[in-house]
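In our numbering, the protein residues as written are 32 to 385.
Built from N, CA and C at the ideal position, the CB exists for glycine as well.
Reading through the structure tokens given below for one structure.
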Amino acid sequence: MTPIALASSSWTVDLTGIPVLDGFINIFIVCFILINFIAVYAGVSTYAERKIAGHMQARVGPYRIGPHGFLVWIADALKLMLKEDIIATQTDRLLFKLSPYVVFAGSFACWVALPYAPNWSPARFNIGILYLLAVSSAVVIGILMAGWSSGSKWALFGAMRAAAQIVSYEVPIGLTLLGMLLIYGTLDMHDISAAQAKGLPFGFMPESYGGLWSWGINRYPPFTVIAFIIYYIGALAETNRTPFDIPEAESELVAGYHTEYSGMRFSFFFLSEYANMFVVSAIATTFFLGGWQPPTASASGMLYLVVGTLVGAGMGYGIAKRGFDAFVAGCSDRASARPSRSTSPSPARTRTSG
């Protein structure tokens, strides 16, 4: 197997009959689709994040643009595209302009190696996870470029914090993934997903379909569960999510390494952060949560799982909104309010005395 190859020839289209030109056209089409998906994904994710945070803090969150404020992310995108691009006088203009694209390129390059479906991804590597870990490190270079070239001590402090945090938390992430690679025996992301189709915990019945129990997180419990938790914490730090958002600490550093950026240049940092969130989630799914493998062997089992999840989510939401005692009391009141057949004799048949 060659180190890099197109994952499948079925998605390529011969347009000109010139292999090199057709290759560039197909690559452009795939990149165009992925970039637009990243933009929409980042916008919808910000809306969901703001609404969830609003409900957690007894607020309504975005509510004015569209139904329940759903279109606010489109307004934000238009605002970023139309805002004036300001460059401070004390900046290194070349590095200042280049750094957002370096950061986004490091995040975007990871998307081409993700296993989106069985035997399909824009490019398939037999060293897939090694490629992802190596290319994602380019984000650190762009962040340092942004902080140093801004000519601001706050941006420089934020860049140093971000670089130190990302590099330090790559160590536990790499160790957890290395432990899982010893189980799978391959670096290919597609083969890792396919390896979770069969087998039960601790290597029992390796040829039987176990569904949820064949996933990586259940292979050697509790060790694989602990590895997943460590990876999850490290992924939060890699993507600067709460409580690991100190590189952007607004109370200390204004906005961190992108303090001096505005307009579309700022939006590239924004898109890169959410693109990284998708990549680390995809890696977690591929290594621990079965990849594209379903959790059940049949459609009926999947239906039961979905219904049970929805019922559990509804109960959890009700308990979170009203409290456990009030939720149980409300269910009891609704049950007692249902009309029931009376067992007492009707008034017309009741015998009167005297």
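- In chain order, what residues of the same chain have a beta carbon less than 7 Å from the beta carbon of Val91, not counting five sequence neighbours either side? Within the sequence shown, the letter at position 60 stands for residue 91. A distance below 7 Å between beta-carbons, with the five flanking residues on each side excluded, links Val91 to the following residues of its chain, in chain order: Gly85.
- Query: How big is the Cα-Cα spacing for Ala108 and Gly74?
  - Reply: Numbered from 1 along the sequence shown, position 77 holds the residue referred to as residue 108. Numbered from 1 along the sequence shown, position 43 holds the residue referred to as residue 74. Between Ala108 and Gly74, the C-alpha separation is close to 8 Å.
- Query: If you count every other CB in all the chains shown that lies within 10 Å of the CB of Ser199, and 16 or more means buried, which is it?
  - Reply: Translated into the one-based positions of the sequence shown, residue 199 becomes position 168. Ser199 is exposed by the Cβ-count criterion.
- Item | Ile248 vs Phe319 beta-carbon contact at 8 Å | Working through the sequence shown from its first residue, we reach residue 248 at position 217. Working through the sequence shown from its first residue, we reach residue 319 at position 288. Yes. Within cutoff.
- Item | Rounded straight-line distance, which links the Cα of Arg95 to that of Gly205 | On the sequence shown, position 174 is the one that residue 205 refers to. On the sequence shown, position 64 is the one that residue 95 refers to. Near 44 Å, if we compare the C-alpha coordinates of Arg95 and Gly205.
- How big is the Cα-Cα spacing for Ser245 and Leu213? For the purposes of this step, residue 245 is taken as residue 214 along the sequence shown, with counting starting at 1. For the purposes of this step, residue 213 is taken as residue 182 along the sequence shown, with counting starting at 1. Straight-line Cα distance between these residues: approximately 16 Å.
- Completely contained alpha helix (DSSP H) runs for the region 66–133, where each covers 4 or more residues: Here the runs fully enclosed are 103–113.
- Message: Once DSSP output is grouped into helix, strand and coil, what is the label at Met333?
- Response: To locate residue 333, count along the sequence shown from 1; it is residue 302. Assignment of Met333 by DSSP, reduced to helix, strand and coil, places it in the helix class.
- Message: Tell me the DSSP secondary structure of Arg155 in three-state form.
- Response: Counting from 1 along the sequence shown, the entry for residue 155 is found at position 124. Assigned with DSSP and collapsed to three states, Arg155 falls in strand.
- Item | Straight-line Cα distance separating Arg272 from Glu115 | One-based indexing of the sequence shown puts residue 115 at position 84. One-based indexing of the sequence shown puts residue 272 at position 241. The straight-line gap separating the alpha-carbon atoms of Glu115 and Arg272 is approximately 28 Å.
- How about Phe275 and Gln324: are their beta carbons less than 8 Å apart? Position 244 of the sequence shown, counting from 1, holds the residue named residue 275. Position 293 of the sequence shown, counting from 1, holds the residue named residue 324. The answer is no: Cβ separation not under 8 Å.
- Item | Buried or exposed (CB count within 10 angstroms, at least 16 for buried), Val337 | Looking up residue 337 in the sequence shown gives position 306. It counts as exposed.
- Message: Applying the 10 Å Cβ sphere with the 16-neighbour rule, what's the burial state of Asp219?
- Response: Counting from 1 along the sequence shown, the entry for residue 219 is found at position 188. Here Asp219 is buried, its C-beta having at least 16 other C-beta atoms within 10 Å.
- Task: Check each candidate in Ala144, Thr122, Gly294 and name the one with the smallest Cα separation from Asn157.
- Result: Position 126 of the sequence shown holds residue 157. Nearest to Asn157 by alpha-carbon distance, out of Ala144, Thr122, Gly294, is Ala144.
- Item | Three-state secondary structure (DSSP) of Ala193 | Mapped onto the sequence shown, residue 193 falls at position 162. Three-state DSSP puts Ala193 in a helix.
- Candidates Ile261, Leu113, Glu269, of which the one nearest Ser138 by Cα: By 1-based counting over the sequence shown, the position of residue 138 is 107. Closest by alpha carbon: Glu269.
- Kindly identify the DSSP beta-bridge partner or partners of Ala148. For the purposes of this step, residue 148 is taken as residue 117 along the sequence shown, with counting starting at 1. DSSP, once it has assigned bridges, lists Trp151 as partnering Ala148.
- Task: Just the C-alpha distance for Ser224 and Ile69, rounded to the nearest angstrom, thanks.
- Result: Counting from 1 along the sequence shown, the entry for residue 224 is found at position 193. Counting from 1 along the sequence shown, the entry for residue 69 is found at position 38. Their backbone Cα atoms lie some 23 Å apart in a straight line.
- Message: Please state the DSSP three-state secondary structure of Met176.
- Response: Here residue 176 is taken as the residue at index 145 of the sequence shown, counted from 1. Three-state result, Met176: helix.
- Exposure label - Asn307; buried when at least 16 CB within 10 Å: Residue mapping note: residue 307 aligns to position 276 of the sequence shown, counting from 1. Buried is the call here.
- Query: Terminal residues of the continuous alpha helix (DSSP H) containing Arg296?
  - Reply: The sequence position of residue 296 within the sequence shown is 265, counting from 1. 294–319 is the extent of the alpha helix (DSSP H) around Arg296.
- Message: Quick check: the region 146–163 against the region 171–189, are at least 3 beta-carbon pairs closer than 8 Å?
- Response: Of all C-beta pairs linking the region 171–189 to the region 146–163, fewer than three are shorter than 8 Å, placing the two stretches out of contact.
- Message: So the candidates are Tyr335, Ala228, Ile314, Thr255; which of them puts its Cα closest to the Cα of Trp142?
- Response: One-based indexing of the sequence shown puts residue 142 at position 111. If we check each option's Cα against that of Trp142, Ile314 comes out closest.
- Inter-residue spacing [alpha-carbon to alpha-carbon] between Leu208 and Asp123: Within the sequence shown, numbered from 1, the residue matching residue 208 stands at position 177. Within the sequence shown, numbered from 1, the residue matching residue 123 stands at position 92. The straight-line gap from Cα to Cα measures roughly 38 Å.
- Which whole-angstrom value describes the C-beta separation of Ser303 and Phe135, a residue pair presumed to lie in contact below a C-beta threshold of 8 Å? Working through the sequence shown from its first residue, we reach residue 303 at position 272. Working through the sequence shown from its first residue, we reach residue 135 at position 104. Sure, about 5 Å apart at Cβ, within 8 Å.
- Message: What does the alpha-carbon distance come out to for the pair Lys229 and Leu161?
- Response: Locating residue 229 in the sequence shown gives position 198, counting from the first residue. Locating residue 161 in the sequence shown gives position 130, counting from the first residue. Each residue's alpha carbon lies about 24 Å from the other.
- Taking C-alpha atoms, which residue in Gln227, Met87, Asp53 lies nearest to Pro326? Taking the sequence shown and counting its residues from 1, the one referred to as residue 326 is at position 295. Nearest in C-alpha terms to Pro326, of all of Gln227, Met87, Asp53, is Gln227.
- Message: In whole angstroms, give me the CA-to-CA distance for Ala106 and Pro93.
- Response: Within the sequence shown, numbered from 1, the residue matching residue 106 stands at position 75. Within the sequence shown, numbered from 1, the residue matching residue 93 stands at position 62. Straight-line Cα distance between these residues: approximately 11 Å.
- Message: Is the beta carbon of Val103 closer than 8 Å to that of Tyr78?
- Response: Position 47 of the sequence shown, counted from the first residue, corresponds to residue 78. Position 72 of the sequence shown, counted from the first residue, corresponds to residue 103. Going by C-beta atoms, Tyr78 is nearer than 8 Å to Val103.
- Could you check which residue in Pro232, Ile58, Tyr251, Phe309 has the C-alpha nearest to that of Ala266? Counted from its first residue, the sequence shown places residue 266 at position 235. Cα-wise, what sits closest to Ala266 is Phe309.
- Task: Identify whether Ala286 lies in helix, strand or coil by the three-state DSSP scheme.
- Result: As a first step, residue 286 is located in the sequence shown; it is residue number 255 there, counting from the start. Under the three-state reduction of DSSP output, Ala286 falls in the coil class, being neither helix nor strand.
- Residue environment, Phe59, which counts as buried when at least 16 other CB atoms sit within 10 Å: Your numbering for residue 59 matches position 28 in the sequence shown. That one is exposed.
- Look up Gly247 in the DSSP assignment and say whether it is helix, strand or coil. Indexing the sequence shown from 1 puts residue 247 at position 216. Gly247 falls in the helix class under three-state DSSP.
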